[in-house]
Amino acid sequence: MSDKNAFEPKIIGFMCNWCSYRAADLAGTARLKYPPNIRIIRVMCSGRIDPTFVLNAFARGADAVMVAGCHPGECHYVDQNYKAMRRYAMLKHTLTQMGLEPERFRLVWASAAEGQQLAEAITQLVEAVRPLGPLHWSGNWEENGHRHEALESILKEHEAAMEVTE
Amino acid sequence: MTTTATQETTKTKGKLALYWAASCGGCEIAVLAINEKILDVAAAFDIVFWPVAVDAKVRDVEKMPDKSIDVCLFNGGIRTSEQEYMAQLLRKKSKVLVAFGSCAHEGCIPGLANLSSREEVFEAAYAQGDSTENPDGVRPQHETPMPEGPLYLPVFYDTLKTLDQTVPVDYYLPGCPPEAENIWAAITAILEGKLPPAGSVIGPNTTVCDECPRKRTEKKIKKFLRTYQVKPDEKTCLLELGLVCCGIATRAGCGALCPKVNSPCIGCHGPNDGVHDYGARLMSALASVIDSQDPEEIDQIIREGIPDPVGTFYRFSLAGSQLRRRKKQVAGNGVKRG
Ligand code: FES
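Here the protein sequences line up with chains A and B, keeping their order.
Once you know that position 55 of the first sequence is 55 in our numbering, the rest is easy, because the numbers rise by one and skip nothing.
Heads up, our numbering is the position in the second sequence plus 1000, with the first residue counted as 1.
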């Protein structure tokens, strides 16, 4: 990170209150270093993470998204993180067809004691995304085909067209 | 009595416009499916513009005062500069603009071309097509110089847009195409001035499952199947049989037409109120019913059962979805990656 011009990915992390968010907290209190690229959004459980949240993050400018929850079998709402696991698989399958690089979307399990592991996962994600460059998804919607000129030319054509007077 | 009679005689007819953009023409036919009630429409409205049925020109619309059309039913997505121009023009001239049908509402099947770039679409249409013979590789040009002066074709956009990504829309009438009863209900609501709050989708706010007569029990799916792989009985929920039936995420209003004839719902009515992304809703619901806790098995069930996820989850709503289109082959804002 010494290079000032290096691209710094913006990452959104959805983390469950009971494990991974606490792991992030622990990493903080233990003064473990992890890159500042991640913005963490706390949810009660990874099962609460609607695919809409992830798509919204990408559509609004995230370069990568991390979904984190308690280890399988340890969810505080019984088996909701298995739901998260299946949603993640479903969404990843769809996002691949949408042309998103697989590195940009990641699922991580971290218990409340695993501050170290979570910090490492975040570092790895940042390093994996950096070479990909910015995602800037909304740039995909921009028209490069002279849209404004074309719209204006319609008006001009209509003005120039022969007027039939009655 | 007399007052009513006076009111009726003095009441001037409303003005109605209908237009089509990137659509298949099915919505135009759907308007006629209201049968003899079209006469009631004609009694209540002067149809001032309807290219498929009425001889009026764009120039006539341009000369109309702003907001002089009472209702415009606009079907089709926005794929070309000409369609965008017409959307802007009709927005300006109309008091109420209705996104009529799935294409205007969410992009529909034409919006699935957002999985490709303009170049790929042109390649398929003007080079690769089985019936295409184009040895000189001619492609549509916006401007063609001619001795009499330049000729113009509309610009074909990279990305199909929905109507409300182009201009503000007052109401949405979902469906591919909207069903006759719903069209009539919407027209009646307009005639009687009993419209829901602006921005609403006109239709019930429940799912197709609520209208479906099939029996629902607990869903647990080990394998998604394609329609040709199952012969459904008449009672069991199609999703429980393994078919990707989209009824669970789709707005009601069709009377569960497709499941009633053994065909899974494909989602043409789009989502209910409050859902920002139809496909996300469907993915979420389908993921819940997969009967496995093993990541590899889950992956396999999804990969084998749903080979075309975007076409399955966003068949009607890709253009209107949060991501709108496939990622272009450029990094970010139009900068080519090495
Ligand atoms: S409570 Fe942590 S994943 Fe459910």
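All residues carry an ideal CB built from backbone N, CA and C; glycine is no exception.
Are three or more beta carbon pairs between the segment 1110-1129 of chain B and the segment 108-121 of chain A nearer than 8 Å?
no
Roughly how many angstroms separate the alpha carbons of residue 1150(B) and residue 1082(B), rounded to a whole number?
17 Å
Checking the sheet assignment: what are the DSSP bridge partners for residue 1228(B)?
In the DSSP output, where bridge partners are listed per residue, residue 1228(B) has none listed.
Top-ranked residue by Cα proximity to residue 66(A), from 125(A), 131(A), 154(A), 149(A)
125(A)
For residue 1005(B), which residues from the same chain have a beta carbon less than 6 Å from its beta carbon, with the 5 sequence-adjacent residues on both sides left out?
Because the pLDDT at residue 1005(B) is just 42, under 50, the model does not fix this residue reliably, and the point stays unresolved.
List, in order along the chain, the chain B residues whose C-beta lies closer than 7 Å to that of residue 146(A)?
1142, 1155
Chain-ordered chain A contacts of residue 1287(B) [CB-CB under 7 Å]:
83, 86, 87, 90
I'd like to know whether the C-beta of residue 1020(B) is nearer than 9 Å to at least one C-beta of chain A.
no
Which of helix, strand or coil DSSP assigns to residue 1148(B):
coil
Can you find a CB in chain A that lies within less than 9 Å of the CB of residue 1162(B)?
no
Just the Cα atoms here: how many angstroms apart are residue 1305(B) and residue 1225(B)?
6 Å
Where does residue 37(A) sit, in a helix, a strand or coil, going by DSSP?
coil
Using a Cβ-Cβ distance under 9 Å, would residue 1257(B) count as near chain A?
no
Identify which residue in 1234(B), 1040(B), 1080(B) has its Cα closest to the Cα of residue 1263(B).
1234(B)
Comparing the C-beta of residue 1358(B) with each C-beta of chain A, is any distance below 9 Å?
With chain B represented from 1001 up to 1338, any question about residue 1358(B) goes unanswered, as that position is not in the structure.
Run through chain A and tell me which residues come within less than 7 Å of residue 1152(B), C-beta to C-beta.
153, 157
Does any residue of chain B bring its CB to less than 9 Å from the CB of residue 93(A)?
yes
Name the chain B residues whose beta carbon is nearer than 9 Å to that of residue 58(A)?
1322, 1323
Can you tell me which of 1018(B), 1084(B), 1173(B), 1031(B) puts its alpha carbon nearest to the alpha carbon of residue 1054(B)?
1018(B)
Where residue 1080(B) falls, given that 16 or more other Cβ within 10 Å makes a residue buried
buried
So, helix, strand or coil for residue 1020(B), using DSSP?
strand
So with CB distances below 8 Å, who are the chain A contacts of residue 1064(B)?
What residue 1064(B) touches in chain A: nothing, since even the nearest Cβ is about 14 Å away.
Going by DSSP, which residues form a beta bridge with residue 16(A)?
43(A)
Once DSSP output is grouped into helix, strand and coil, what is the label at residue 1313(B)?
helix
Which of the three DSSP states, helix, strand or coil, is assigned to residue 32(A)?
coil
Where does the unbroken alpha helix (DSSP H) through residue 64(A) begin, and where does it stop?
Per DSSP, residue 64(A) belongs to no alpha helix (DSSP H); it is in the beta strand (DSSP E), 64-69.
Does the distance from the CB of residue 1201(B) to the CB of residue 1088(B) come in under 9 Å?
no
Can a CB atom of chain B be found closer than 9 Å to the CB of residue 103(A)?
no
Helix, strand or coil: which one does DSSP assign to residue 1172(B)?
strand
Does DSSP put residue 1069(B) in a helix, a strand or coil?
strand
Applying the 10 Å Cβ sphere with the 16-neighbour rule, what's the burial state of residue 988(B)?
In the structure displayed, chain B extends from 1001 to 1338; residue 988(B) sits before or after that span and is not available.
Is it the case that the Cβ atoms of residue 1111(B) and residue 1318(B) are separated by a distance below 9 Å?
yes
Applying a beta-carbon distance threshold of less than 9 Å, which residues of chain A neighbour residue 1293(B)?
72, 73, 79, 82, 85, 86
Contact with chain A by residue 1171(B), beta-carbon distance below 9 Å
no
Measure from the C-beta of residue 1327(B) to each C-beta in chain A and report whether the shortest distance is under 9 Å.
yes
Measure the CB-CB distance between residue 1259(B) and residue 1268(B) and report whether it falls below 9 Å.
no
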